[in-house]
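Residue numbers (our numbering), protein chains in the order written: chain A, 1 to 159; chain B, 160 to 318. Note that CB positions come from ideal geometry on N, CA and C, so glycine has one too. The structure appears below as structure tokens.
There are 2 protein chains.
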Amino acid sequence: MTERDGGRRDLAAMLSQVMRALGAVELPVLDAHGVSMWGYVVLTALRESPVRTQAALAEAIGADKTRIIGTLDELQEAGLIVRERDPADRRARLLSITEEGREVHSSTQADIQEKENRLLAMLPPDDRRGFLNAIEAMSALPREDIVAMAEPPGGGARR
Amino acid sequence: MTERDGGRRDLAAMLSQVMRALGAVELPVLDAHGVSMWGYVVLTALRESPVRTQAALAEAIGADKTRIIGTLDELQEAGLIVRERDPADRRARLLSITEEGREVHSSTQADIQEKENRLLAMLPPDDRRGFLNAIEAMSALPREDIVAMAEPPGGGARR
DNA sequence: TATTGTTATACTCTATAACTATA
DNA sequence: TATAGTTATAGAGTATAACAATA
Numbered sequence: 001m002t003e004r005d006g007g008r009r010d011l012a013a014m015l016s017q018v019m020r021a022l023g024a025v026e027l028p029v030l031d032a033h034g035v036s037m038w039g040y041v042v043l044t045a046l047r048e049s050p051v052r053t054q055a056a057l058a059e060a061i062g063a064d065k066t067r068i069i070g071t072l073d074e075l076q077e078a079g080l081i082v083r084e085r086d087p088a089d090r091r092a093r094l095l096s097i098t099e100e101g102r103e104v105h106s107s108t109q110a111d112i113q114e115k116e117n118r119l120l121a122m123l124p125p126d127d128r129r130g131f132l133n134a135i136e137a138m139s140a141l142p143r144e145d146i147v148a149m150a151e152p153p154g155g156g157a158r159r
Numbered sequence: 160m161t162e163r164d165g166g167r168r169d170l171a172a173m174l175s176q177v178m179r180a181l182g183a184v185e186l187p188v189l190d191a192h193g194v195s196m197w198g199y200v201v202l203t204a205l206r207e208s209p210v211r212t213q214a215a216l217a218e219a220i221g222a223d224k225t226r227i228i229g230t231l232d233e234l235q236e237a238g239l240i241v242r243e244r245d246p247a248d249r250r251a252r253l254l255s256i257t258e259e260g261r262e263v264h265s266s267t268q269a270d271i272q273e274k275e276n277r278l279l280a281m282l283p284p285d286d287r288r289g290f291l292n293a294i295e296a297m298s299a300l301p302r303e304d305i306v307a308m309a310e311p312p313g314g315g316a317r318r
């Protein structure tokens, strides 16, 4: 009845619906912990390792270098990150997360993943495992690899 | 090595990366067929069945009623949809897809899904099946159901 | 008075360009 | 002159408010 003549809906359409729902689920959590979406993304990136320049951080999280400045200001103001001038090159700002930033990140992430897990619990175990494996695999690929992979074999040949 | 101490990355983070890549893959296809993203979404919705008001269509695709007007103008101009006044209520505009609209939609969708399938082909069959089952199940749920599902049991009780 | 569609306005987000300071 | 960071400006996308036609 809700099936459609053998076809399936477009991947992007389905994923964007899921994304919107996830946004509705997770934004209140971020609010409760006092971090913005981009702030959380920055903390997630810095949790792995410090970064030597803001441009590199922006690149790493898929943002523009001008776009994250306000976010960095807020995080610094809140004591969640530190920005120090690189003594070797006083133009650059060494970015790192503070202990407090680590705590805020991990408590926020715990809440987020707890909700995500409750959502995933609705799925049959096999589907849940396949779903996680799949998005982990796909999201690990550089975007250009994905774009290339979607092209017909030998397709789009330059000449 | 690329694994992280037992944890997993956030669902929303992974999904948004995949979404961006999908956008890069699919936008050129839409361009090639001369339809905008929202135009394609509208055609997809009208392909199922006609709609009696623009507000209802907007609601159905998760958009604002003022937001789709330009899109409807373009689609009508291109002869892909028709907008007729409802004789029974001359305020309303009956929306339906034309034969040409159907053709544009189905050729566009064929190209899109062909690329999506090439992408999915990178996955082991079990993961692919689980992934598709999972997003079909989750995207079929109304957003408020998903939000409610993510809450702790009995959580957020009103009184 | 309420509703459908439209237009006008404002607001948010993002990208581009111009500027400062270092090198 | 080139680069890191910042600020200023402009553009897209979206939402809100006001409006005209119809009920």
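Should residue i be labelled buried (16 or more other beta-carbon atoms within 10 Å of its own) or exposed?
| i | result |
| --- | --- |
| I135(A) | buried |
| T2(A) | Here the model assigns T2(A) a pLDDT of 49, short of 50, so the residue's position is not dependable and the matter cannot be decided. |
| S298(B) | buried |
| L186(B) | exposed |
| G39(A) | buried |
| T225(B) | exposed |
| P312(B) | exposed |
| R159(A) | A caution first: R159(A) carries a pLDDT of 42, below 50, which makes its placement in the model unreliable, though a value can still be read off. Exposed, by the Cβ-count rule. |
| G315(B) | Low confidence applies to G315(B): its pLDDT is 49, below 50, so where it sits in the model is not reliable, and the reading given next is rough at best. By the 10 Å Cβ count, G315(B) comes out exposed. |
| M173(B) | buried |
| S175(B) | buried |
| A280(B) | exposed |
| R85(A) | exposed |
Any idea which residues DSSP pairs residue i with across the strands?
| i | result |
| --- | --- |
| V210(B) | L254(B) |
| I81(A) | I97(A) |
| D89(A) | D86(A) |
Considering just the uninterrupted stretch of the alpha helix (DSSP H) at residue i, what are its terminal residues?
| i | result |
| --- | --- |
| I227(B) | From DSSP, I227(B) is part of no alpha helix (DSSP H); its letter is neither H nor E. |
| R20(A) | 11 to 33 |
| P284(B) | 284 to 299 |
| M308(B) | 302 to 309 |
Any residues in the segment 122 to 141 of chain A with a beta carbon nearer than 9 Å to a beta carbon of chain B? Which ones, in chain order?
M122, L123, P124, D126, D127, R128, R129, G130, F131, L132, N133, A134, I135, E136, A137, M138, S139, A140, L141
Which residues of the segment 168 to 188 of chain B have a Cβ closer than 8 Å to any Cβ of chain A? Give them in chain order.
R168, D169, L170, A171, A172, M173, L174, S175, Q176, V177, M178, R179, A180, L181, G182, A183, V184, E185
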